[in-house]
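Read through the structure below, which is laid out as structure tokens, and then see the notes.
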Amino acid sequence: MTAQPVPSRGREKKAASQHVRAGLRTRLRAFAGTSVALALLVAVTAALAAAYPRAVDRYGDAGLRRAVEQALPDRTTVQVQVPLGWMDTLEETEAALRVGPLTAARAQVLAAAQKPLVPDLAQSAYGVRTTVALTTSDPWLPRPSGLPAELVLAAQQDLASHVRIGAGRLPRTTGAPVTALTNRLEAAVTEDTARRLGIRVGSVIHMAGTERGPLTVRVTGIVVPQAPEDAYWSAQPVLRTPALSRRPGFLPTDVYWLGGLLLAPDAGPALLGTPGRPHRYWNVAPDVTALRGHDVDRLASAVAALESGPGVQRLRGVLDESLEAQTNLDEVLADHARLRSGIDPLLLLAAVGTGILAVIVLVMAGGVAADRRRAELALLRARGASLPGLAVRLLAETAVVAVPAGALGLTAAVLLLPGARTAPALAAAVAVTLLACGALPLRAVVAHRTVRLQDEREDLAAARPPRRRTVAELTAVVIAAAAIAVLRRQGSGSTALVAAAPLLTGVVAALLLARLHPLPLRALSRATGRMRGLVVPLALAQAARAPGFAVLPLLALLSALTTAAFGGSVLAGVTEARDQAALRYVGADGRIESVTGGLPGALPGRVRGLPGVRDMTEAGVIDDATPQQSSRSVPLAGVDPDAYARLARRMGLGPFDAASLRQRDAGTTGGADRPLPALASPRVADQYGTGPYSVQLPDGASVTVRIVAVRDRTPAVFGDDFLVVDRAGLPRDAARTTTLLLTGDALDGRALRSAAQGTTAGVFLRTEERMRHVDSPLQSGAERLYGVAVAAGAGYALLALVLTVLRTAPERGALLARLRTMGMTRSQGRRLLILTSLPQAFLAATGGMLTGWAGIQLLSPGVDLATIALASPSALEGAVLRTDPLSLAVPALAVLLLAVGAPAGQAWWSGRRGSVRELRLGDE
Numbered sequence: 027m028t029a030q031p032v033p034s035r036g037r038e039k040k041a042a043s044q045h046v047r048a049g050l051r052t053r054l055r056a057f058a059g060t061s062v063a064l065a066l067l068v069a070v071t072a073a074l075a076a077a078y079p080r081a082v083d084r085y086g087d088a089g090l091r092r093a094v095e096q097a098l099p100d101r102t103t104v105q106v107q108v109p110l111g112w113m114d115t116l117e118e119t120e121a122a123l124r125v126g127p128l129t130a131a132r133a134q135v136l137a138a139a140q141k142p143l144v145p146d147l148a149q150s151a152y153g154v155r156t157t158v159a160l161t162t163s164d165p166w167l168p169r170p171s172g173l174p175a176e177l178v179l180a181a182q183q184d185l186a187s188h189v190r191i192g193a194g195r196l197p198r199t200t201g202a203p204v205t206a207l208t209n210r211l212e213a214a215v216t217e218d219t220a221r222r223l224g225i226r227v228g229s230v231i232h233m234a235g236t237e238r239g240p241l242t243v244r245v246t247g248i249v250v251p252q253a254p255e256d257a258y259w260s261a262q263p264v265l266r267t268p269a270l271s272r273r274p275g276f277l278p279t280d281v282y283w284l285g286g287l288l289l290a291p292d293a294g295p296a297l298l299g300t301p302g303r304p305h306r307y308w309n310v311a312p313d314v315t316a317l318r319g320h321d322v323d324r325l326a327s328a329v330a331a332l333e334s335g336p337g338v339q340r341l342r343g344v345l346d347e348s349l350e351a352q353t354n355l356d357e358v359l360a361d362h363a364r365l366r367s368g369i370d371p372l373l374l375l376a377a378v379g380t381g382i383l384a385v386i387v388l389v390m391a392g393g394v395a396a397d398r399r400r401a402e403l404a405l406l407r408a409r410g411a412s413l414p415g416l417a418v419r420l421l422a423e424t425a426v427v428a429v430p431a432g433a434l435g436l437t438a439a440v441l442l443l444p445g446a447r448t449a450p451a452l453a454a455a456v457a458v459t460l461l462a463c464g465a466l467p468l469r470a471v472v473a474h475r476t477v478r479l480q481d482e483r484e485d486l487a488a489a490r491p492p493r494r495r496t497v498a499e500l501t502a503v504v505i506a507a508a509a510i511a512v513l514r515r516q517g518s519g520s521t522a523l524v525a526a527a528p529l530l531t532g533v534v535a536a537l538l539l540a541r542l543h544p545l546p547l548r549a550l551s552r553a554t555g556r557m558r559g560l561v562v563p564l565a566l567a568q569a570a571r572a573p574g575f576a577v578l579p580l581l582a583l584l585s586a587l588t589t590a591a592f593g594g595s596v597l598a599g600v601t602e603a604r605d606q607a608a609l610r611y612v613g614a615d616g617r618i619e620s621v622t623g624g625l626p627g628a629l630p631g632r633v634r635g636l637p638g639v640r641d642m643t644e645a646g647v648i649d650d651a652t653p654q655q656s657s658r659s660v661p662l663a664g665v666d667p668d669a670y671a672r673l674a675r676r677m678g679l680g681p682f683d684a685a686s687l688r689q690r691d692a693g694t695t696g697g698a699d700r701p702l703p704a705l706a707s708p709r710v711a712d713q714y715g716t717g718p719y720s721v722q723l724p725d726g727a728s729v730t731v732r733i734v735a736v737r738d739r740t741p742a743v744f745g746d747d748f749l750v751v752d753r754a755g756l757p758r759d760a761a762r763t764t765t766l767l768l769t770g771d772a773l774d775g776r777a778l779r780s781a782a783q784g785t786t787a788g789v790f791l792r793t794e795e796r797m798r799h800v801d802s803p804l805q806s807g808a809e810r811l812y813g814v815a816v817a818a819g820a821g822y823a824l825l826a827l828v829l830t831v832l833r834t835a836p837e838r839g840a841l842l843a844r845l846r847t848m849g850m851t852r853s854q855g856r857r858l859l860i861l862t863s864l865p866q867a868f869l870a871a872t873g874g875m876l877t878g879w880a881g882i883q884l885l886s887p888g889v890d891l892a893t894i895a896l897a898s899p900s901a902l903e904g905a906v907l908r909t910d911p912l913s914l915a916v917p918a919l920a921v922l923l924l925a926v927g928a929p930a931g932q933a934w935w936s937g938r939r940g941s942v943r944e945l946r947l948g949d950e
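All residue numbers for the sequence shown refer to the numbering used here, where the first residue is 27 and numbers rise by one.
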């Protein structure tokens, strides 16, 4: 007998892997459309998931950098300085002020700054300066009130690389090294200093000395700072720009010029011979480009360590025990952290809602794929396929499509949003990919864990939910109620569970509607059972036989509609809060106001004729009117009652009846026997009563007022204290027009400022003030993220509906084909499919609107929009979340139209194509 060769195991494994690869290729070719759709879904979801943390990082980084830049370098620079201590000899003291020791000490100061506080080497100035300004004795320097100018002298290093020479040359020292006895120096001044103090190249300035003759400084050059707003110049702004100063206790008019002179870098020892108390200093300017929003806590710790912690202690041990460090950077970081702590919870609300929606849609996609392959998988199970083997096979088929798609989405997010951390984005994209890979195998394992000869009927109207489902639904209701209660009590910054409260509200509503949905179906089925027509009873019977799997699309739709309504209401609330804050500040659409007296008589006529001005109301506002028996002033506004009442009613700021404010005796001044009717704020009415009482005016005159109405706000005055009276009852000087309140939809700010040019009036527009409230990239970024969240939520809602339509499309096509063989017309077929899909579509749309409205009403007390909406939360009290009708109606109507339009389109297409294919396939 001839021996047969035994195949090796390696050859068997190779053949098996080739068989698996061939099967995967066959599967992908057979279901190319499904594979492309899954890849697109995974790629988009992975891109959104990866983009969210990167977008938050980018907005956080930009917000922190903007906060540091706006705070100005004199607050954000860590200023390290050492006063001159006792040394053995004068030569040692002079040596400490020379360039070499200063540079060596600078390296140690910069090394003490711990990451993430990265010093900007180019902007971190150092040198020697006087801490007491030196009084000049030259009469040619300007003296606004007779007081001599004072100058700060600084030998700041690396001056040449930060200036452009406008005239002359840079200062230098010649001959022997500079000592404390040197009484002749050279200096440069900036362009601003030269212009304001009248200094020219060659000017000689004299200042007093100590234990020697006066110090003579000759100006050799006028320089132009290359970046005057940077820390090198702005940490000590007096060296760049002189300013009028006033000593404590002096009259406001007793001012003098305070400026700076820039000495040669090695001229520091000469300051020892002056009464200026020279200090060595090293500024540590933070590198703004290295700041990261997620490092705020570590950055604050690094600043604290350098200012008053281990860093400064180490420097004292190395340089000098009297070393001190000071900065306001910690306050800037604390303000930014407070802003971010108010915005992050709102972003978390949007992220959690949209993220869970994406999870639901991915699970639905896996369920739809498993349901459409039910017969194939059941056949494999009947032929002996094991559950693990089936799961591995489906996992491999899905992973071939999902993994490249997830990688593509991650790559797109990284390329579109550079400059952010990669780890959070990678984790989010990997989570999406794993979920997409596991949805189909898990659904298949659950559905085919037992081998069945035929599928059981799952009529929704006849099904009875099991106890486990009841327990799970009750648990979800309890969790949602707890989250809503916590959010209402503690606000949106409580816990991660609270962030899911809007979504949990939709989940509870979906569960309730799914429970209650069979009841009207049963009632309608019985009511239409005796109808003569065929379409309505058949449509209700078909809707009643919808399988229980339809609960998941309903859950996705309601959750998506609730999330979209919540996000849209946040955006609408932000817009409304900014508009209200701008309106309260300006008082109208536009405002022209003088703070130094009355407006020119011709100005109102010029303004009234400008394009875009619909109406104009004049007012005379006196800021320092003083009620009787009070030392605190109250703004008093004199107005024309009729015009001002129209303005207040149109703007919605304290509308009132003009007749109640009108002075009865025209042309008479309000006195004790004829008090002026007044409109007052609640605080003024509570503090002074309704009167009548006398109000003292700045010019010595007085009027008697009687409060007849109380309003929270009024257009002419911004604030919580005001009195408004008829200007006809005021003295002539007090009735002068100081404010013009303008209304119009298209006010031209340039034209208004041109009309007011040459006066002391300022122009304020409501539109410009509204834009000012977008103060930080954190705020604008959060607003954009909410817009993306609303769009993504609506997209996932429509996608859930599309998946539902795709799942039931073969069954509807087969039903329509069979009914046409029995004589049903095309129009009847279209009505049948529309009526079949209408109950759940109407349920989802109506339930989504009601759930969104109820969720916003429940959650609004715990959500404060002031942080995300306004530059200063105090600009508007109570920026409350309110329902936005468009955010409720538009997504719901879109869902309803798509749910009804898809079956109608399918009926039309089936009528054109014919029914042979559906009849040949039978039940499949």
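Every residue gets a Cβ at the ideal spot worked out from N, C-alpha and C, and that includes glycine. It should be emphasised that the depicted structure is a prediction, and the values quoted were computed from it without experimental measurement.
If I measure Cβ to Cβ from residue i and keep anything under 6 angstroms in the same chain, skipping five residues before and after, which residues do I get?
i	result
LEU537	GLU499
THR157	ARG303 and HIS305
LYS39	Bear in mind that the predicted position of LYS39 carries a pLDDT of just 49, short of 50, making it unreliable; the figure below should be weighed with that in mind. Result list for LYS39: empty, nothing under 6 angstroms.
PRO467	ALA417, LEU420 and LEU421
Looking only at C-alpha atoms, which of the options sits nearest to residue i?
i	options	result
LEU832	GLY392, PRO127, HIS362 and SER229	GLY392
ILE225	GLY285, LEU723 and ALA257	GLY285
GLY613	ARG238, ARG739, PRO301 and ILE510	ARG739
ALA175	PRO127, LEU196 and ALA269	ALA269
ALA290	LEU223, LEU185 and ALA261	LEU185
THR102	PRO544, ASP683 and GLN352	GLN352
LEU723	GLY593, PRO757 and PRO708	PRO757
GLU350	GLU117, GLU357, GLY335 and ASP361	GLY335
TYR152	TYR611, ALA131, ARG676 and LEU388	ALA131
ALA727	GLY755, PHE744 and TYR714	GLY755
ASP657	TYR714, ALA608 and ALA446	Residue 657 is actually Ser in this sequence, not Asp. When only C-alpha atoms are compared, the closest one is TYR714.
THR531	PRO667, LEU876 and MET850	LEU876
ARG190	PRO626, MET233 and VAL215	VAL215
ALA181	TYR258, ALA234 and ARG221	TYR258
Are the CB atoms of residue j and residue i within a distance shorter than 8 angstroms?
i	j	result
VAL647	ALA782	no
ALA73	GLY435	yes
THR246	GLY294	no
ALA598	ALA823	no
THR769	ASP650	no
VAL710	LEU662	no
ALA439	ALA457	no
Looking only at its own chain, which residues have a Cβ that is under 7 angstroms from the Cβ of residue i, when we skip the five neighbours before and after it?
i	result
SER686	PRO703, VAL734 and ALA735
ALA363	VAL322
Once you ignore the five residues that flank residue i on each side, which residues in its own chain have a CB closer than 8 angstroms to its CB?
i	result
ARG779	VAL789
PRO718	ALA698, PRO701, THR730, VAL731 and ARG732
Is the beta carbon of residue i within less than 7 angstroms of some heavy atom of the ligand MN?
i	result
VAL204	Absence of the ligand MN from the depicted structure is noted, as is the absence of any ligand whatsoever, leaving it without description.
Checklist entry - Can we say the stretch 860-875 touches the stretch 920-935, given the rule of at least three CB pairs closer than 8 angstroms? => result yes
Item to check | Sufficient close CB pairs (3 or more, under 8 angstroms) joining the stretch 195-204 to the stretch 163-176 | outcome: no
Checklist entry - Unbroken alpha helix (DSSP H) runs of length 4 or more, entirely within the stretch 768-841: which are they? => result 775-781 and 792-798
Next on the checklist: Check whether the stretch 809-825 and the stretch 93-102 touch, using three or more Cβ-Cβ pairs below 8 angstroms as the test.
Outcome noted: no
Checklist entry - Three or more C-beta pairs closer than 8 angstroms, one from the stretch 59-70 and one from the stretch 432-450: is that the case here? => result yes
Next on the checklist: Threshold first: 4 residues or longer. Then list the alpha helix (DSSP H) segments lying entirely within the stretch 403-482, N to C.
Outcome noted: 413-442 and 449-473
Item to check | Three or more C-beta pairs below 8 angstroms linking the stretch 700-718 and the stretch 778-798 | outcome: no
Item to check | Whole runs of the alpha helix (DSSP H) within the stretch 59-133, excluding any shorter than 4 residues | outcome: 99-102 and 116-122
Checklist entry - Below 8 angstroms, can you find three or more Cβ-Cβ pairs linking the stretch 152-164 to the stretch 116-132? => result yes
Checklist entry - Hey, is the stretch 326-340 in contact with the stretch 256-270, meaning 3+ C-beta pairs nearer than 8 angstroms? => result no
Next on the checklist: Assess contact between the stretch 226-244 and the stretch 76-83, defined as three or more Cβ pairs (one per stretch) separated by less than 8 angstroms. Is contact present?
Outcome noted: no
Next on the checklist: Quick check for students: name the residue ranges of the beta strand (DSSP E) that lie wholly in the stretch 166-244, counting only runs of 3 or more.
Outcome noted: 176-182, 189-194, 210-216 and 230-233
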